[in-house]
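Numbering (my numbering), first residue to last: 5 to 291. The C-beta atom is built at its ideal place from N, Cα and C for all residues, glycine as well. On a predicted model such as this, the values are computed, not experimentally measured, just so you know.
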């Protein structure tokens with residue numbers, strides 16, 4: 005069965021769980037002696053993939069995380085993956101709103117003129133403008149960036165992502181990400197999420213996430229001037245980057261903040277050839 009094929013692949017993705025009673029399931033460490041010799045043979049760069057390969061990889065990675073999202077603990081996934089997959093289960097993956105490309109002009113403007121501004125993203129701009137302008141962006145329109153100050157433009161960008169797009173990260177995988185950062189760093193779940201998440205977004209949302217982090221790094225590079233460290237920035241961004249329905253309580257938001265910090269360490273470019281083959285296989289069996 006198609007579901008069985010996917011479930012078998014998922015079991016291999018998550019590693020061997022020797023004890024479900026342990027709060028941190030451990031994984032066997034592989035021998036890395038020959039890793040440098042096989043890197044080019046068994047790994048590809050994301051930019052080298054075709055559009056169809058990227059689509060398959062995105063969908064497969066999303067569904068790996070979504071299945072982990074379904075159960076209260078990682079250990080349950082080995083016994084209860086019985087649901088039949090269908091496209092209706094991926095509504096938050098397929099139905100995310102189209103991103104207005106003008107947001108990248110706002111980001112570039114902030115990189116050029118905003119990184120020296122004290123309290124950027126922390127100090128709110130003009131509430132009238134940052135509540136009305138995102139509605140124009142939602143319609144695919146542009147606006148004159150020079151008419152507004154740095155804080156207002158930064159607030160417009162945040163409001164567009166938070167309100168119009170309802171975040172960048174799909175709702176269907178949020179619980180998995182929270183569980184991962186709550187687990188220990190050598191747990192199978194944590195390691196799997198680190199490897200899979202970078203490829204679980206559609207190309208347009210992946211691009212926006214990476215551009216936002218590029219902006220964050222530029223701001224952090226000038227923290228002595230703008231007084232905004234990376235930690236400061238990521239502390240205030242969970243309500244912007246995560247969907248509103250995922251912001252259930254302080255504990256969840258705190259875990260989301262930890263995940264945003266984890267993103268800084270992730271490799272968004274190196275793709276396992278084995279994972280790509282599994283993704284292609286999965287796409288071919290979608291009804």
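One thing to note: residue 160 has its Cβ within 7 Å of the Cβ of residue 137. As the crow flies, the alpha-carbon of residue 199 is around 42 Å from that of residue 151. Closest in C-alpha terms to residue 173, from the list 116, 211, 219, 288, comes 211. The criterion of a C-beta distance shorter than 7 Å is not satisfied by residue 205 and residue 238. The alpha-carbon of residue 111 is positioned some 18 Å away from that of residue 170.
An exposed status is given to residue 120, since fewer than 16 other beta-carbon atoms sit within 10 Å of its beta-carbon. For the segment 242 to 277, the continuous beta strand (DSSP E) assignments of 3+ residues that do not extend past its boundaries occur at 274 to 276, in sequence order.
Taking the CA atoms as reference points, residue 153 sits about 20 Å from residue 241. If you check the CB distance, residue 70 and residue 176 come in under 7 Å. Between the C-alpha atoms of residue 193 and residue 207 there is a straight-line separation of about 24 Å. Cβ neighbours of residue 140 within its own chain (closer than 7 Å, five residues either side excluded): 147. Under the three-state reduction of DSSP output, residue 187 falls in the coil class, being neither helix nor strand. DSSP places residue 47 in the uninterrupted beta strand (DSSP E) bounded by 47 to 49. Look at residue 145 here: in three-state DSSP terms it is coil, with no helix or strand label. Its chain contains 259 as the residues whose beta carbon lies nearer than 7 Å to that of residue 186, once the 5 sequence neighbours on both sides are disregarded; these appear in chain order. For residue 178, same chain residues with a beta-carbon under 8 Å away, outside a window of 5 residues either side, are 73, 246, 247, 250, 260 in chain order.
By the neighbour-count definition (other C-beta atoms within 10 Å, threshold 16), residue 46 is an exposed residue.
For residue 133, the closest alpha carbon among the candidates 116, 254, 115, 156 is that of 156.
DSSP, reduced to helix, strand and coil, places residue 104 outside both helices and strands of the structure shown, so it counts as coil. Measuring C-alpha to C-alpha distances from residue 266 to each of 53, 61, 196 identifies 196 as the nearest.
Counting only residues of its own chain and dropping the five nearest sequence neighbours on each side, residue 122 has a CB closer than 6 Å to the CB of 230, 231.
The DSSP-derived three-state label of residue 124 is coil. In this structure, the beta-carbon distance from residue 244 to residue 124 does not fall below 7 Å.
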